[in-house]
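Residues 294 to 363 (the numbering used here) make up the sequence shown, in order. In this text, a Cβ means the ideal position worked out from N, Cα and C, and glycines have one as well. The structure appears below as structure tokens.
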Amino acid sequence: MVAEVDLTKCRLCGGYDKPICIDSCPSSAIQLREEGDTKKIVVTEFLCEDCNECGFRCPDKAIKIKDLTF
């Protein structure tokens, strides 16, 4: 299982440089990626411990734990 970010719901905690989900992740699996003028949250799947700390703390309810299939 792994955390998945719904980018249509994620507002980056109002535009902060370091959203809450990044600080709450005990395994540093969540990062903020900048692509041009756009910023988005990305999850490194093999680091994610599926603890859902990020999902509990997300004010936008944009993070869910999903089954990982290969």
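Please return the same chain residues whose Cβ sits closer than 8 angstroms to the Cβ of residue 342, not counting the five positions on each side in sequence.
Looking up residue 342 in the sequence shown gives position 49. If we look at residue 342 and ignore the five residues flanking it on each side, its Cβ neighbours are 319, 320, 322.
What's the call for residue 338, buried or exposed, on a 16-neighbour Cβ count within 10 Å?
Counting from one through the sequence shown, the residue named residue 338 turns up at place 45. Counting Cβ neighbours within 10 Å, residue 338 comes out exposed, since fewer than 16 surround it.
Residue 308 versus 317, 300, 332, residue with shortest Cα-Cα distance:
By one-based count along the sequence shown, residue 308 stands at place 15. When only C-alpha atoms are compared, the closest one is 332.
DSSP on residue 326, reduced to helix/strand/coil?
Sequence index remark: in the sequence shown, residue 326 carries index 33 (1-based). In this structure, residue 326 counts as strand in the three-state DSSP scheme.
In this structure, what does DSSP give as the bridge partners for residue 302?
The residue you call residue 302 lines up with position 9 of the sequence shown. The partner list for residue 302 (beta bridge, DSSP) is empty, contrary to what the question assumes.
Alpha helix (DSSP H) containing residue 360: first to last residue?
To locate residue 360, count along the sequence shown from 1; it is residue 67. Where residue 360 is concerned, there is no enclosing alpha helix (DSSP H), given that its DSSP letter is neither H nor E.
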